[in-house]
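1 is the number of the first residue of the sequence shown in the UniProt record's numbering; add one for each residue after it. All C-beta atoms, glycine included, are put in the ideal place defined by N, C-alpha and C.
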Amino acid sequence: MAKGPFLTVEDMKACFNLFCCIYGIGTLGMPGNFARSGPVIAVIAMAFMAFANIYSSLSMSKVMLLAPRSVKTFGDLGEWAMGTTGRWLCIISQMGSCLLIPCVFLVLGGQLLDGLFTDAFSQTTWIILMALTVLPVCLVPTLKEGSGSAFAGCMGTIIADIIAVALVMHGMRGHPSVPFPELKFSQVVGVFGNLTLAYGAGIVIPDIQRQHSDPTRMPAMSYVSVADSERVHKDNEEEEAAEYTGANVIKYIILRCIIVVILVAMAIAFKDHFTEFADFVGASCITTNCILLPVLFYLIKAWERVPIYEKVAAIIVFVVCFICGCYVTYTNGKELFDPSDSEKAFPFCHADFENTVYYNYTAEHL
1 MAKGPFLTVE DMKACFNLFC CIYGIGTLGM PGNFARSGPV IAVIAMAFMA FANIYSSLSM
61 SKVMLLAPRS VKTFGDLGEW AMGTTGRWLC IISQMGSCLL IPCVFLVLGG QLLDGLFTDA
121 FSQTTWIILM ALTVLPVCLV PTLKEGSGSA FAGCMGTIIA DIIAVALVMH GMRGHPSVPF
181 PELKFSQVVG VFGNLTLAYG AGIVIPDIQR QHSDPTRMPA MSYVSVADSE RVHKDNEEEE
241 AAEYTGANVI KYIILRCIIV VILVAMAIAF KDHFTEFADF VGASCITTNC ILLPVLFYLI
301 KAWERVPIYE KVAAIIVFVV CFICGCYVTY TNGKELFDPS DSEKAFPFCH ADFENTVYYN
361 YTAEHL
């Protein structure tokens, strides 16, 4: 039997949608990773997390293909693999991702707008205005109708990255060798939280997967998109769209508005702790539902057929991500709810540069 193409047009559309979801807030935190751990360690960490996310994505795709047709959601998969405990782990981690990731965006947006338009409004006001601006997008029924918004967000991030890098390269031209950071264990391991946030896209996969005609192609799509995957069994798109018609319209609008209000309140509460908040979300919820659970479910259901070398790789990924996730969640959670009174302007730098700008182009060329 002839094999089908590696990627079809439908696959490419789904991959593109996943890429638009992945390429976002995580990339904006990459400079902080290099500042924390230096270029060598940061690149190694980034490569390991890319491998971990690709492997966990493939694991999720494979275990979903093993599941019976009664398994329709991520929670169903958890119950099929681990009973009631598995279902609750899936539900709690997915809810955490859905609720906390938008908060990170609101905090970041409030900080950026406050810096761009100094003294115009307070950071709190900017967060509220930003939430009101994106509220119509939040009310879009399904991801298919919101694909344009995903593309706009992706392109906005790409353009912002290009402009930021260009400005830094121009403004720092002629600088001496960049001082190496003062490496600390907590500082280096903290890179894990941001990298997990950068790769995690598991919260959008249910909507994307419902629209694909051949779930068996998901492993290839996961490899291309570096994203978590899960499969649900709905017969057609009309069945999905029917959930957002009639009397259900008012229900889902009210529910989503209430959720947005709660998220705004949380964003305001953590508006001064963007880095800690982002790392906390990445290390806790996203690590759980995008790496740990997919690998665990796959090993539970396919242990006998998994080759020994893959078992070793899976165990390494699981153990390393579990330990780092727990540590980063604890340290950043402590900083969020019991912040220290550090007055260091550049806490990631060597002690000689913690409160000193190591290079100022304007001052050097007066």
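Rounded straight-line distance, which links the Cα of residue j to that of residue i
i	j	result
residue 83	residue 289	16 Å
residue 352	residue 182	10 Å
residue 222	residue 58	Summary for residue 222: the model assigns pLDDT 48, below 50, so the residue's position carries little reliability; its value from the coordinates is reported in the next sentence. C-alpha separation (whole angstroms): 6 Å.
residue 125	residue 119	11 Å
residue 152	residue 114	22 Å
residue 355	residue 85	48 Å
residue 257	residue 136	10 Å
residue 132	residue 268	14 Å
residue 305	residue 40	36 Å
residue 130	residue 250	23 Å
residue 55	residue 364	48 Å
residue 338	residue 96	21 Å
Residues near residue i by beta carbon distance below 8 Å, same chain, minus five either side
i	result
residue 274	104, 107, 108 and 111
residue 29	194, 197, 198, 275 and 278
residue 122	114
Whether residue i touches residue j by CB criterion (9 Å)
i	j	result
residue 48	residue 281	no
residue 88	residue 67	no
residue 193	residue 272	no
residue 100	residue 90	no
residue 172	residue 361	yes
residue 358	residue 178	yes
residue 46	residue 195	yes
residue 298	residue 314	yes
residue 336	residue 270	yes
residue 53	residue 42	no
residue 161	residue 27	yes
Other residues of its chain near residue i: CB distance less than 6 Å, five sequence neighbours each side excluded
i	result
residue 284	329
residue 350	179 and 182
Own chain, CB closer than 7 Å to residue i, minus 5 neighbours either side, in chain order
i	result
residue 318	292, 295 and 296
residue 333	280
residue 35	181 and 348
residue 322	292
Anticipated Cβ contact below 8 Å, residue i with residue j, distance rounded
i	j	result
residue 188	residue 37	5 Å
residue 331	residue 186	6 Å
residue 302	residue 62	7 Å
residue 263	residue 102	5 Å
residue 253	residue 139	6 Å
Any non-hydrogen atom of the ligand FMN within 8 Å of residue i CB
i	result
residue 197	The ligand content of the structure shown is nil, which means the ligand FMN is not present either.
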